[in-house]
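Trainee:
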Amino acid sequence: MIAACVTPVSDETLVDYWSGALPPQQSDSLEEHVFNCPVCAGRLDAVASIASGITSLARQGRLSGIISRATLNQLQHDGVRVRVYSLSPGDVVPCAVFPDDDLVVTSIRGDFSGIDAVTISVSGSAPLVGVILDDVPVWAAQGELLWAAPGSLIRQMPTSRVTLTVTAAGADGQRIGEYILDHTAR
Amino acid sequence: MALTAVATPRYRQRRMTTTITGATDGDLARAIAAGAAADAAETELYHRFAPRVRLYGLRHLRDEDAARDLMQQVLMVTIEKLRAGAIRDMDMIGSFILGTSRMLAVNLKRRDRRRQALLEAFPPEHPALRAAAAGIDEHALEGCLSTLAERERTIMLLTFYGDRSSREIAQTLGISEGNVRVIRSRAVDRLRACMGAAERAS
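Chains A and B are the protein sequences, given in the same order.
Letter by letter, the first sequence follows residues 482 to 667 in our numbering.
Letter by letter, the second sequence follows residues 5 to 206 in our numbering.
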């Protein structure tokens, strides 16, 4: 049986340590603790596993959700085959996903000035029925949101129309735009 | 119940295993140094510390192969020192292993030393190495990531895949650094709970 830790290290400190953000002195103290505490060693192992798992999933294009332009560039640099569709408000864009596509990214453009976060409602056929992306952070100084979905997921869709409705998060729910993808199954 | 000649060794083996598993790190070190049940004690010590040394190696060397080399070297040096009675404070064996990890990691950064000999001494099929190498269930992680809020998932991705600091993420998202840390901590907690539930369900 493993004895409980009386001075557990916080998750945030473990993440800081793992990502190299902890000052050297604190880093040394944490290592001393971890090497003498199986409980915190196990928790650090979990953080490390999550970190490597996320990296591995990203490198396979198994990502869903909003990503930054820097992440998109990094994915392409890492050899992930990405198909990108760009839409402005009111656009109707024909689209398809090909067998080699690892990741499909939709660039949603619009005027996001003065907005911290948005809600994206997706309507279409399975598996994109009733998808709502809530509290999506809007990148400072960028007029786009990049919505990523694995190619394997989109390949399951029949030929159909996918509508993205973007509204500002919060009480007023200001409508930013509607974007339509006309998807052709292949 | 009288023990038969055949049953006795099995009984002793079972009892010894129970004792070793419940022993403190210092007890294990003393057992190895004394040569008492040394094989079982060495295996248990390896089981306990190999994953920690590997983590240390991954953190500082950023390479799975180098981390494994470090793990093998550190544990071998430790066991050799214990066998030779060269470690004074057995109750501080964890600190000794950390110190050895630090020292050898510096060497590993410079060159790949003794690799072949170590692989022969501690082959990759060693059970402790298999335990340390057990990776995360990516399918479960993929599902668990999808349960996070967009903001949480974004920050996790920027931190671990993008290698961005809290400050950089805060600037990108237009939120405070403290907020990034809080959201990230909550996301780690959720993922760990979700992965634990997925593991129990499988």
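Glycine residues also receive a C-beta, built at the ideal position from the N, C-alpha and C atoms.
Check each candidate in A:Arg564, A:Ile547, A:Ser588, A:Gly523 and name the one with the smallest Cα separation from Pro618 (chain A).
Mentor: Position 137 of the first sequence holds residue 618 (chain A). Nearest of A:Arg564, A:Ile547, A:Ser588, A:Gly523 to Pro618 (chain A), Cα basis: A:Ile547.
Trainee: Which partner residues does Glu455 (chain A) have in the DSSP bridge list?
Mentor: It is not possible to answer for residue 455 (chain A), since the shown part of chain A is limited to 482 through 667.
Trainee: If you measure from the beta carbon of Gly605 (chain A) to each beta carbon in chain B, is any gap under 8 Å?
Mentor: Here residue 605 (chain A) corresponds to residue number 124 of the first sequence, with the count starting at 1. By this cut-off, Gly605 (chain A) is not an interface position.
Trainee: Any C-beta of chain A sitting closer than 8 Å to the C-beta of Glu154 (chain B)?
Mentor: Walking along the second sequence from the start, residue 154 (chain B) turns up at place 150. Yes, Glu154 (chain B) lies at the interface with chain A (some Cβ there is under 8 Å from its Cβ).
Trainee: Can you confirm whether Ser602 (chain A), when its beta carbon is compared against all beta carbons of chain B, has any partner nearer than 8 Å?
Mentor: Locating residue 602 (chain A) in the first sequence gives position 121, where the first residue counts as 1. No - not a single Cβ of chain B is within 8 Å of the one on Ser602 (chain A).
Trainee: Is DSSP giving Thr640 (chain A) helix, strand or coil here?
Mentor: Taking the first sequence and counting its residues from 1, one reaches residue 640 (chain A) at position 159. The answer is coil: DSSP assigns Thr640 (chain A) none of H, G, I, E or B.
Trainee: Assuming Ile657 (chain A) and Arg642 (chain A) form a contact by the criterion Cβ under 8 Å, report the distance between their Cβ atoms to the nearest whole angstrom.
Mentor: Here the question's residue 657 (chain A) lines up with position 176 in the first sequence. Here the question's residue 642 (chain A) lines up with position 161 in the first sequence. With a Cβ gap of about 20 Å, Ile657 (chain A) and Arg642 (chain A) do not count as contacting.
Trainee: Taking DSSP's pairing of strands, which residues face Ala577 (chain A) in a bridge?
Mentor: Within the first sequence, residue 577 (chain A) is the residue found at index 96, counting from 1. Ala577 (chain A) pairs with A:Thr665.
Trainee: Using a Cβ-Cβ distance under 8 Å, would Leu145 (chain B) count as near chain C?
Mentor: Judged by its chain identifiers, the structure shown contains no chain C, and its protein chains are A and B.
Trainee: Tell me which residues share the same chain as Arg564 (chain A) and place their Cβ nearer than 6 Å to its Cβ, disregarding the 5 neighbours each side in the sequence.
Mentor: For this step, residue 564 (chain A) is matched to residue 83 along the first sequence. If we look at Arg564 (chain A) and ignore the five residues flanking it on each side, its Cβ neighbours are Asp582, Val585.
Trainee: So, at 8 Å on beta carbons, what are the nonlocal neighbours of His514 (chain A) in its own chain, with the 5 sequence-adjacent residues on each side left out?
Mentor: Here residue 514 (chain A) is taken as the residue at index 33 of the first sequence, counted from 1. Thr488, Val490, Cys521.
Trainee: Between Phe164 (chain B) and the rest of its own chain, which residues show a CB-CB distance below 6 Å, the 5 nearest in sequence each way excluded?
Mentor: Numbered from its first residue, the second sequence carries residue 164 (chain B) at position 160. No residues qualify anywhere along the chain.
Trainee: Can you name, in chain order, every residue of its own chain whose Cβ lies under 7 Å from the Cβ of Arg540 (chain A), other than the five neighbours on each side?
Mentor: Here residue 540 (chain A) is taken as the residue at index 59 of the first sequence, counted from 1. For Arg540 (chain A), where only same-chain residues beyond five positions count, the Cβ hits under 7 Å are Asp559, Val561.
Trainee: Under 8 Å between C-beta atoms, does Ala202 (chain B) make it to chain A?
Mentor: As a first step, residue 202 (chain B) is located in the second sequence; it is residue number 198 there, counting from the start. False, the Cβ-Cβ gap to chain A never drops below 8 Å.
Trainee: Consider the Cβ of Ala132 (chain B): report whether some Cβ of chain A lies at a distance smaller than 8 Å.
Mentor: For the purposes of this step, residue 132 (chain B) is taken as residue 128 along the second sequence, with counting starting at 1. Any answer about Ala132 (chain B) is weak, because its pLDDT of 46 lies below 50 and its placement is not dependable; what the coordinates show is given next. No, Ala132 (chain B) does not count as interfacial toward chain A.
Trainee: Considering only their Cβ atoms, is the gap separating Tyr566 (chain A) from Thr552 (chain A) smaller than 8 Å?
Mentor: Taking the first residue of the first sequence as 1, we reach residue 552 (chain A) at position 71. Taking the first residue of the first sequence as 1, we reach residue 566 (chain A) at position 85. Their beta carbons are not under 8 Å apart, which means Thr552 (chain A) does not touch Tyr566 (chain A) by this criterion.
Trainee: Would you mind working out which of B:Ala109, B:His51, B:Ala88 sits nearest Ala70 (chain B), comparing C-alpha positions?
Mentor: Taking the second sequence and counting its residues from 1, the one referred to as residue 70 (chain B) is at position 66. Of the candidates B:Ala109, B:His51, B:Ala88, the one whose C-alpha sits nearest the C-alpha of Ala70 (chain B) is B:Ala109.
Trainee: What residues are listed by DSSP as bridge partners for Glu629 (chain A)?
Mentor: Taking the first residue of the first sequence as 1, we reach residue 629 (chain A) at position 148. Checking the displayed sequence, the identity of residue 629 (chain A) turns out to be Ala instead of Glu. A:Gly546, A:Val586, per the DSSP bridge assignment.
Trainee: On the three-state DSSP scale, how would you describe Arg190 (chain B)?
Mentor: Translated into the one-based positions of the second sequence, residue 190 (chain B) becomes position 186. In this structure, Arg190 (chain B) counts as helix in the three-state DSSP scheme.
Trainee: What is the DSSP secondary structure of Gly596 (chain A), reduced to helix, strand or coil?
Mentor: Within the first sequence, residue 596 (chain A) is the residue found at index 115, counting from 1. Note that residue 596 (chain A) is Ile in the sequence shown here, rather than Gly. If DSSP states are grouped into helix, strand and coil, Ile596 (chain A) belongs with coil.
Trainee: Please confirm if Tyr60 (chain B) has its CB atom under 8 Å from at least one CB of chain A.
Mentor: Residue 60 (chain B) sits at position 56 when you count from the first residue of the second sequence. Tyr60 (chain B) counts as touching chain A.
Trainee: Under three-state DSSP, which class holds Val610 (chain A)?
Mentor: In the first sequence, counting from the first residue as 1, residue 610 (chain A) sits at position 129. Of the three classes helix, strand and coil, the one that applies to Val610 (chain A) here is coil, per DSSP.
Trainee: Could you tell me whether any Cβ in chain B is nearer than 8 Å to the Cβ of Gln555 (chain A)?
Mentor: Looking up residue 555 (chain A) in the first sequence gives position 74. Chain B, which has a Cβ nearer than 8 Å to the Cβ of Gln555 (chain A), makes this yes.
Trainee: Which whole-angstrom value describes the C-beta separation of Ser105 (chain B) and Leu74 (chain B), a residue pair presumed to lie in contact below a C-beta threshold of 8 Å?
Mentor: What you label residue 105 (chain B) is simply residue 101 of the second sequence in a count that begins at 1. What you label residue 74 (chain B) is simply residue 70 of the second sequence in a count that begins at 1. The pair is a contact, with the Cβ atoms about 7 Å apart (cut-off 8 Å).
Trainee: Anything in chain A within Cβ reach of Leu65 (chain B), meaning under 7 Å, just list it in chain order.
Mentor: As a first step, residue 65 (chain B) is located in the second sequence; it is residue number 61 there, counting from the start. Per Cβ cutoff of 7 Å: no residues; Leu65 (chain B) is ~12 Å from chain A at best.
Trainee: Measure the CB-CB distance between Pro608 (chain A) and Gln637 (chain A) and report whether it falls below 8 Å.
Mentor: Position 127 of the first sequence, counting from 1, holds the residue named residue 608 (chain A). Position 156 of the first sequence, counting from 1, holds the residue named residue 637 (chain A). Yes, Cβ-Cβ distance for Pro608 (chain A) and Gln637 (chain A) is below 8 Å.
Trainee: For Gln506 (chain A), is the classification buried or exposed, using 16 other Cβ atoms within 10 angstroms of its Cβ as the cut-off for buried?
Mentor: The count along the first sequence starts at 1 and reaches residue 506 (chain A) at position 25. Gln506 (chain A) is exposed by the Cβ-count criterion.
Trainee: Which same chain residues, not among the five before or five after Gly651 (chain A), have their C-beta less than 6 Å away from its C-beta?
Mentor: Taking the first sequence and counting its residues from 1, one reaches residue 651 (chain A) at position 170. If we look at Gly651 (chain A) and ignore the five residues flanking it on each side, it has no Cβ neighbours.
Trainee: Hey, is Thr151 (chain B)'s beta-carbon within less than 8 Å of any beta-carbon in chain A?
Mentor: Taking the first residue of the second sequence as 1, we reach residue 151 (chain B) at position 147. Judged by the 8 Å Cβ criterion, Thr151 (chain B) is not in contact with chain A.
Trainee: When Cβ atoms are compared, which residues of the region 545–569 of chain A fall closer than 8 Å to chain B?
Mentor: Cβ contacts with chain B: Ser545, Gly546, Ile547, Ile548, Ser549, Ala551, Thr552, Gln555.
Trainee: Can you give me the start and stop residues for the alpha helix (DSSP H) that Val520 (chain A) sits inside?
Mentor: In the first sequence, residue 520 (chain A) corresponds to position 39, counting from 1. That run of the alpha helix (DSSP H) goes 519–540.
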